[in-house]
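Colleague:
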Amino acid sequence: VCLFVFFSSNCPSFLAAALARATSDEVLQSDLSVLYLPKHVDNADGIIQIETVKLARLVFSKLHEICSNWVKDFPLQPKPHRYYETSIHAIKNMRRKMEDKHVCIPDFNMLFNLEDQEEQAYFAVFDGHGGVDAAIYASIHLHVNMVHQEMFQHDPAEALCRAFRVTDERFVQKAARESLRCGTTGVVTFIRGNMLHVAWLGDSQVMLVRRGQAVELMKPHKPDREDEKKRIEALGGCVVWFGAWRVNGSLSVSRAIGDAEHKPYICGDADSASTVLDGSEDYLILACDGFYDTVNPDEAVKVVADHLKENNGDSSMVAHKLVASARDAGSSDNITVIVVFLRDMNAPVNVSEESDWTENSFQGGQEDGGEDKENHGDCKRPWPQHQCSAPADLGYEGRVDSFTDRTSLSIGSSINLFDDQGYLDLAKPETSTPQSAKCLPPVQVFSPGIPKSANLINGLTVKNESAECT
6 VCLFVFFSSN CPSFLAAALA RATSDEVLQS DLSVLYLPKH VDNADGIIQI
56 ETVKLARLVF SKLHEICSNW VKDFPLQPKP HRYYETSIHA IKNMRRKMED
106 KHVCIPDFNM LFNLEDQEEQ AYFAVFDGHG GVDAAIYASI HLHVNMVHQE
156 MFQHDPAEAL CRAFRVTDER FVQKAARESL RCGTTGVVTF IRGNMLHVAW
206 LGDSQVMLVR RGQAVELMKP HKPDREDEKK RIEALGGCVV WFGAWRVNGS
256 LSVSRAIGDA EHKPYICGDA DSASTVLDGS EDYLILACDG FYDTVNPDEA
306 VKVVADHLKE NNGDSSMVAH KLVASARDAG SSDNITVIVV FLRDMNAPVN
356 VSEESDWTEN SFQGGQEDGG EDKENHGDCK RPWPQHQCSA PADLGYEGRV
406 DSFTDRTSLS IGSSINLFDD QGYLDLAKPE TSTPQSAKCL PPVQVFSPGI
456 PKSANLINGL TVKNESAECT
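What the sequence shown shows, in the numbering used here, is residues 6 to 475, in sequence order.
(1) Measuring only the C-alpha atoms, how far is residue 164 from residue 200?
(2) Would residue 132 and residue 295 be called neighbours here (beta carbons separated by less than 9 Å)?
(3) Are the segment 192 to 199 and the segment 278 to 295 in contact at 8 Å, needing three or more beta carbon pairs?
(4) State the Cα-Cα distance for the pair residue 71 and residue 79, rounded to the nearest angstrom.
(5) Below 6 Å CB to CB, which residues in the same chain sit around residue 24 once its five sequence neighbours on both sides are set aside?
(6) For residue 228 and residue 259, what's the separation of their Cα atoms in angstroms?
(7) Which residue spans inside the segment 18 to 60 form an unbroken alpha helix (DSSP H) run of at least 4?
(8) Please return the same chain residues whose Cβ sits closer than 6 Å to the Cβ of residue 138, not counting the five positions on each side in sequence.
(9) Compute the distance between the beta-carbons of residue 327 and residue 94, then report whether it is under 9 Å.
(10) If I follow the unbroken beta strand (DSSP E) through residue 337, where does it start and stop?
(11) Identify which residue in 154, 98 and 57 has its Cα closest to the Cα of residue 170.
(12) Please determine, among 318, 116 and 68, the residue with the shortest C-alpha to C-alpha distance to residue 351.
(13) Please state whether the Cβ-Cβ distance between residue 321 and residue 166 is less than 9 Å.
(14) Just reading off the alpha helix (DSSP H) that residue 152 is part of, what are its end residues?
(15) To which residues does DSSP link residue 106 through a beta bridge?
(16) Quick one: complete beta strand (DSSP E) runs, 3+ long, within the segment 248 to 306?
(17) Hey, how far is the Cα of residue 122 from the Cα of residue 189?
(18) Pairing CB atoms from the segment 96 to 109 with CB atoms from the segment 332 to 339, are three or more of them under 8 Å?
(19) In the DSSP assignment, the alpha helix (DSSP H) including residue 169 goes from what residue to what residue?
(20) Distance, Cα to Cα, residue 280 vs residue 297?
(21) To the nearest angstrom, how far is it from the Cα of residue 210 to the Cα of residue 124?
(22) Measure the Cβ-Cβ separation of residue 481 and residue 208 and say whether it is below 9 Å.
(23) Work out the CA separation of residue 126 and residue 282 for me, nearest whole Å.
(24) DSSP three-state call for residue 436: helix, strand or coil?
(25) Is the beta carbon of residue 130 closer than 9 Å to that of residue 293?
(26) Using a Cβ-Cβ cut-off of 7 Å (strictly less than) and excluding sequence neighbours within five positions of residue 213, which residues of its own chain qualify?
(27) To the nearest angstrom, report how far apart residue 267 and residue 43 are at their CA atoms.
(28) Report the rounded CA-to-CA distance for residue 115 versus residue 26, giving the unit in angstroms.
(29) Just to confirm, are residue 343 and residue 148 a CB contact at a threshold of 9 Å?
(30) In whole angstroms, give me the CA-to-CA distance for residue 91 and residue 346.
(31) Rounding to the nearest angstrom, what Cα-Cα distance links residue 315 and residue 306 in this structure?
(32) With H, G and I counted as helix, E and B as strand and the rest as coil, what does DSSP make of residue 92?
(33) With DSSP as the reference, please indicate the residues paired to residue 201 in a beta bridge.
(34) With a CB to CB cut of under 7 Å and the five nearest residues on each side skipped, what residues in its chain are close to residue 112?
(35) DSSP has residue 346 in a bridge; who is on the other side?
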């Protein structure tokens with residue numbers, strides 16, 4: 006709730022993180038029992054459900070109180086060392102609904118009150134199908150679940166993979182309670198100091214651009230991948246062509262959060278990759294398949310380079326240009342693009358140490374014809390000292406859900422809390438939470454009470470979870 010408010014208000018990221026942290030602490034110290042739904046107090050599974058609207062009112066009340074106090078006596082805050090200049094744009098395009106969600110948390114340590122840690126940042130794109138519930142759930146929970154993993158301190162990549170698995174398991178339970186039949190793919194990048202960690206599930210992707218060249222970081226999970234096809238067939242499923250390669254003739258992705266009725270063929274085990282950032286990296290592009298199915302990496306690099314050249318290095322509209330290029334290339338799907346600049350593009354490259362992995366452009370392009378998924382270390386390099394802002398208008402009137410990032414802090418598209426009569430589900434945090442982290446407990450978003458009818462890729466360390474898909 007807080008992050009959405011701050012994103013809408015163009016609040017600077019470090020201030021937004023500090024306010025969100027302070028507000029959550031105040032809310033968690035309140036007596037939340039008055040918000041419990043009586044019929045769920047003695048629930049056998051131990052889940053406590055809280056009415057969303059009442060909780061939102063409490064949050065806004067605490068937020069207003071904190072802001073009023075800070076105006077009079079602003080507390081000292083740690084000085085932010087770096088800002089990630091980001092450009093974000095997302096459109097509904099030709100689809101009836103916007104089912105993509107994205108998350109940008111450049112001040113991760115501030116948000117989770119993590120002390121004595123290297124600088125950390127989190128960026129994610131979730132591409133929902135069959136409904137938006139799974140994408141919303143993942144955008145709210147996955148980064149919280151990551152911090153709760155016991156290996157988060159020493160192995161963030163593994164923590165990300167486990168966070169995907171936990172998020173999938175809990176959403177499947179929620180889907181069973183509420184008769185939900187949706188799912189979401191996802192791609193996450195987590196930066197700690199000079200280490201880049203990537204984890205993904207399904208066909209949402211991230212690419213790295215290094216010295217002006219696209220570098221392969223991952224291989225998306227698609228049914229026509231030979232290893233994925235063998236895994237599905239070994240479980241008794243099949244992969245058939247029905248406008249696109251589909252699992253059991255239905256979904257055109259082989260892994261996702263949710264899709265309970267398609268388990269175990271559609272599994273929730275993510276793959277991960279990690280690499281050292283040596284200072285020669287330009288930027289990351291996170292996007293859903295609505296972008297990568299129509300724009301290949303080399304084309305994306307050219308769009309960015311041309312835009313920066315034409316606009317004297319102004320990167321504020323880069324994501325808009327990338328989205329426009331995908332739409333003009335024939336994409337009819339929802340399109341979400343996040344560009345995270347890893348250095349000041351107007352400054353010369355400052356390489357701290359050479360990487361031992363090679364640069365390769367990976368293949369993109371349309372594979373499913375735009376069909377719907379369902380039949381129905383401080384790094385010694387220059388960093389930008391500002392964050393981008395831009396008007397969100399490329400002439401897509403009437404069919405756009407658009408986001409332009411001023412704060413690099415968001416939870417996706419607009420949500421009217423008072424139109425959503427759902428409930429929040431608060432569970433106890435895992436006991437493995439790092440001692441230095443004062444984290445929010447897992448929060449599960451519920452709809453209304455009435456149910457609805459290690460390999461290597463170009464030198465990258467890659468963890469493959471295929472064996473755990475059951």
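C-beta atoms are modelled at their ideal positions from N, C-alpha and C, and glycine is treated no differently. Keep in mind the model is a prediction, meaning the values are calculated, not measured.
Modeller: Well, looking at it:
(1) Taking the first residue of the sequence shown as position 1, residue 164 is located at position 159. Taking the first residue of the sequence shown as position 1, residue 200 is located at position 195. Going from the Cα of residue 164 to the Cα of residue 200 covers about 14 Å.
(2) Locating residue 132 in the sequence shown gives position 127, where the first residue counts as 1. Locating residue 295 in the sequence shown gives position 290, where the first residue counts as 1. Contact: yes.
(3) yes
(4) Working through the sequence shown from its first residue, we reach residue 71 at position 66. Working through the sequence shown from its first residue, we reach residue 79 at position 74. Approximately 10 Å, taken between the alpha carbons.
(5) For the purposes of this step, residue 24 is identified with residue 19 of the sequence shown, where counting begins at 1. Hits under 6 Å: none found.
(6) Taking the first residue of the sequence shown as 1, we reach residue 228 at position 223. Taking the first residue of the sequence shown as 1, we reach residue 259 at position 254. Approximately 5 Å, taken between the alpha carbons.
(7) 18 to 33
(8) For the purposes of this step, residue 138 is identified with residue 133 of the sequence shown, where counting begins at 1. Within the same chain, residue 138 has close Cβ partners 185 and 187.
(9) Walking along the sequence shown from the start, residue 327 turns up at place 322. Walking along the sequence shown from the start, residue 94 turns up at place 89. Their beta carbons are under 9 Å apart, which means residue 327 touches residue 94 by this criterion.
(10) Translated into positions along the sequence shown, residue 337 becomes position 332. Residue 337 -> no beta strand (DSSP E), and no H or E assigned at all.
(11) As a first step, residue 170 must be located in the sequence shown, where it is residue number 165. Answer by Cα proximity: 154.
(12) On the sequence shown, residue 351 is found 346 positions in, with the first residue counted as 1. Ranking 318, 116 and 68 by Cα distance to residue 351 puts 318 first.
(13) As a first step, residue 321 is located in the sequence shown; it is residue number 316 there, counting from the start. As a first step, residue 166 is located in the sequence shown; it is residue number 161 there, counting from the start. It is not a contact, given that the beta carbons lie outside the stated cut-off.
(14) Within the sequence shown, numbered from 1, the residue matching residue 152 stands at position 147. Segment 138 to 152, the alpha helix (DSSP H) holding residue 152.
(15) As a first step, residue 106 is located in the sequence shown; it is residue number 101 there, counting from the start. Residue 106 pairs with 131.
(16) 250 to 252, 276 to 281 and 286 to 292
(17) What you label residue 122 is simply residue 117 of the sequence shown in a count that begins at 1. What you label residue 189 is simply residue 184 of the sequence shown in a count that begins at 1. Roughly 31 Å separates the two Cα atoms.
(18) yes
(19) For the purposes of this step, residue 169 is taken as residue 164 along the sequence shown, with counting starting at 1. Here the alpha helix (DSSP H) through residue 169 covers 161 to 183.
(20) In the sequence shown, residue 280 corresponds to position 275, counting from 1. In the sequence shown, residue 297 corresponds to position 292, counting from 1. Looking at the two C-alpha atoms, the distance is approximately 22 Å.
(21) To locate residue 210, count along the sequence shown from 1; it is residue 205. To locate residue 124, count along the sequence shown from 1; it is residue 119. The alpha-carbon atoms of residue 210 and residue 124 are separated by roughly 24 Å.
(22) Residue coverage of the chain in this structure runs from 6 to 475, which leaves residue 481 outside it and unanswerable.
(23) Counting from one through the sequence shown, the residue named residue 282 turns up at place 277. Counting from one through the sequence shown, the residue named residue 126 turns up at place 121. Approximately 14 Å between the Cα atoms of the pair.
(24) Reading the sequence shown from its first residue, position 431 is the one you call residue 436. The pLDDT assigned to residue 436 is 44, lower than 50, so where the model puts this residue is not dependable, and the model offers no usable value.
(25) Counting from 1 along the sequence shown, the entry for residue 293 is found at position 288. Counting from 1 along the sequence shown, the entry for residue 130 is found at position 125. Yes, Cβ-Cβ distance for residue 293 and residue 130 is below 9 Å.
(26) Looking up residue 213 in the sequence shown gives position 208. For residue 213, where only same-chain residues beyond five positions count, the Cβ hits under 7 Å are 220, 222, 286 and 289.
(27) Here residue 267 is taken as the residue at index 262 of the sequence shown, counted from 1. Here residue 43 is taken as the residue at index 38 of the sequence shown, counted from 1. If I take the Cα positions, the gap works out to 33 Å.
(28) One-based indexing of the sequence shown puts residue 115 at position 110. One-based indexing of the sequence shown puts residue 26 at position 21. Cα to Cα, residue 115 sits roughly 7 Å from residue 26.
(29) Locating residue 343 in the sequence shown gives position 338, where the first residue counts as 1. Locating residue 148 in the sequence shown gives position 143, where the first residue counts as 1. Contact flag unset, no.
(30) Residue mapping note: residue 91 aligns to position 86 of the sequence shown, counting from 1. Residue mapping note: residue 346 aligns to position 341 of the sequence shown, counting from 1. Roughly 6 Å between the two C-alpha positions.
(31) In the sequence shown, counting from the first residue as 1, residue 315 sits at position 310. In the sequence shown, counting from the first residue as 1, residue 306 sits at position 301. Using only the alpha carbons, I get a separation of about 14 Å.
(32) Within the sequence shown, the letter at position 87 stands for residue 92. In the structure shown, residue 92 sits in a strand (DSSP, three-state: E or B).
(33) Along the sequence shown, one-based indexing puts residue 201 at 196. Answer is 196 and 280, bridged to residue 201.
(34) In the sequence shown, the residue the question calls residue 112 occupies position 107. So the qualifying residues of the chain are 18, 19, 22 and 85.
(35) Translated into the one-based positions of the sequence shown, residue 346 becomes position 341. According to DSSP, residue 346 bridges with 288.
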